[in-house]
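*Asks:* Numbering (my numbering), first residue to last: 2 to 250.
A virtual CB, placed ideally from N, CA and C, is assigned to each residue, including glycine.
Got a structure for you, questions after.
What follows is the structure, encoded as structure tokens:
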């Protein structure tokens, strides 16, 4: 009798351990919520112009920001009582060394130090982005080539899949409606991609020269700044060339 009790107790112990192990395994099992969401062929095709436009905009942003950076630096001396030479010297050092070092009078306010540091950091980031332009242009050029090859493949995939679904008598009404929309929209989506590729290629061609000009403009703005003599200054806002005129450096 006693031996049977021991057998039953051992069996129950094994069952409990197995049950606990199973629950822990279930708790640690991966969930499907973190699974990567796959885009449909149509979604991929429509995403190409947005991707290329974003890449091109990122390339031109530091070029477009140059005058704003210079204006910000030029306004700080008058606002915080800093000599123009000191401000220009700090900007020149940042431009040439790629580091930020705020050198202000001990009496300078915390606000002045914070604004000068922020302006110099913005200058540093702009210079880094401009100098990286050739590599970034090369990367975008590769992406353009990839998009050029990928677009017709996706368009063919969309057309084939939609045609099969539309002619399938077993397909649901929603599936047929979706297939019809894809067949009607694929040509326009492909045309949008081709236009985006052409526009991006045209922009990329001129970006390296624009970046070089922007760097030269920054460099020229800080000439004489290292002397700290008080006369050199960061050049301020450029004169307007006419109503509605917008030009890059």
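(1) Using 7 Å as the threshold, is the C-beta distance between residue 191 and residue 152 below it?
(2) Ignoring anything shorter than 4 residues, give me the alpha helix (DSSP H) runs that lie fully in the stretch 67-124, in order along the chain.
(3) Select from 49, 164, 206, 115 the residue whose C-alpha is nearest the C-alpha of residue 139.
(4) Output the distance between the C-alpha atoms of residue 70 and residue 112, rounded to the nearest integer angstrom.
(5) Is it the case that the stretch 180-198 contacts the stretch 78-85, given that we only count it when at least three CB pairs across the two stretches are under 8 Å?
(6) Suppose contacts are defined by Cβ-Cβ distances below 7 Å. Is residue 141 in contact with residue 56 by that definition?
(7) Would the beta-carbon of residue 131 fall within 7 Å of that of residue 212?
(8) In the DSSP assignment, find the unbroken alpha helix (DSSP H) run with residue 185 in it and report its ends.
(9) CA-CA distance, residue 180 and residue 167?
(10) Quick check on this structure: which residue in 157, 122, 107 has the alpha carbon closest to the alpha carbon of residue 187?
(11) Out of 149, 47, 163, 74, which has the shortest C-alpha to C-alpha gap to residue 115?
(12) If I measure Cβ to Cβ from residue 40 and keep anything under 8 Å in the same chain, skipping five residues before and after, which residues do I get?
(13) With a cut-off of 8 Å on the beta carbons, I'd call residue 208 and residue 134 a contact; round off their distance for me.
(14) How is residue 43 classed by DSSP in three states: helix, strand or coil?
(15) Residues in its own chain within less than 8 Å of residue 204 by CB, not counting five upstream and five downstream?
(16) Nearest to residue 216 by alpha carbon, out of 54, 68, 51, 50?
*Replies:* Walking through what the data contain:
(1) Locating residue 191 in the chain shown gives position 190, where the first residue counts as 1. Locating residue 152 in the chain shown gives position 151, where the first residue counts as 1. For residue 191 and residue 152, yes; Cβs fall inside 7 Å.
(2) For the alpha helix (DSSP H) assignment, the uninterrupted runs of no fewer than 4 residues enclosed by the stretch 67-124 are, from N- to C-terminal side, 85-98.
(3) Indexing the chain shown from 1 puts residue 139 at position 138. Of all alpha-carbon atoms in 49, 164, 206, 115, the one lying nearest the alpha-carbon of residue 139 is that of 206.
(4) The residue labelled residue 70 in the question sits at position 69 within the chain shown. The residue labelled residue 112 in the question sits at position 111 within the chain shown. Each residue's alpha carbon lies about 18 Å from the other.
(5) Between the stretch 78-85 and the stretch 180-198, the count of Cβ pairs shorter than 8 Å is below three; the stretches do not touch.
(6) Taking the first residue of the chain shown as position 1, residue 141 is located at position 140. Taking the first residue of the chain shown as position 1, residue 56 is located at position 55. Using a Cβ distance threshold of 7 Å, residue 141 and residue 56 count as a contacting pair.
(7) Indexing the chain shown from 1 puts residue 131 at position 130. Indexing the chain shown from 1 puts residue 212 at position 211. Taking 7 Å as the Cβ cut-off, residue 131 and residue 212 qualify as a contacting pair.
(8) Mapped onto the chain shown, residue 185 falls at position 184. Judged by DSSP secondary structure, residue 185 falls within the alpha helix (DSSP H) whose first and last residues are 174-222.
(9) Within the chain shown, numbered from 1, the residue matching residue 180 stands at position 179. Within the chain shown, numbered from 1, the residue matching residue 167 stands at position 166. Cα to Cα, the separation comes out at about 6 Å.
(10) Residue mapping note: residue 187 aligns to position 186 of the chain shown, counting from 1. Across the set 157, 122, 107, the C-alpha of 157 shows the shortest separation from the C-alpha of residue 187.
(11) Position 114 of the chain shown holds residue 115. Per the Cα distances, 74.
(12) Position 39 of the chain shown, counted from the first residue, corresponds to residue 40. If we look at residue 40 and ignore the five residues flanking it on each side, its Cβ neighbours are 48.
(13) Within the chain shown, the letter at position 207 stands for residue 208. Within the chain shown, the letter at position 133 stands for residue 134. Contact between residue 208 and residue 134 is confirmed by a C-beta separation of about 6 Å, below the 8 Å threshold.
(14) Sequence index remark: in the chain shown, residue 43 carries index 42 (1-based). Helix at residue 43.
(15) Here residue 204 corresponds to residue number 203 of the chain shown, with the count starting at 1. Short of 8 Å from the beta carbon of residue 204, and not among the five residues preceding or following it, lie these beta carbons of its own chain, in chain order: 57, 60, 61.
(16) In the chain shown, the residue the question calls residue 216 occupies position 215. Comparing alpha-carbon positions, the option among 54, 68, 51, 50 lying closest to residue 216 turns out to be 68.
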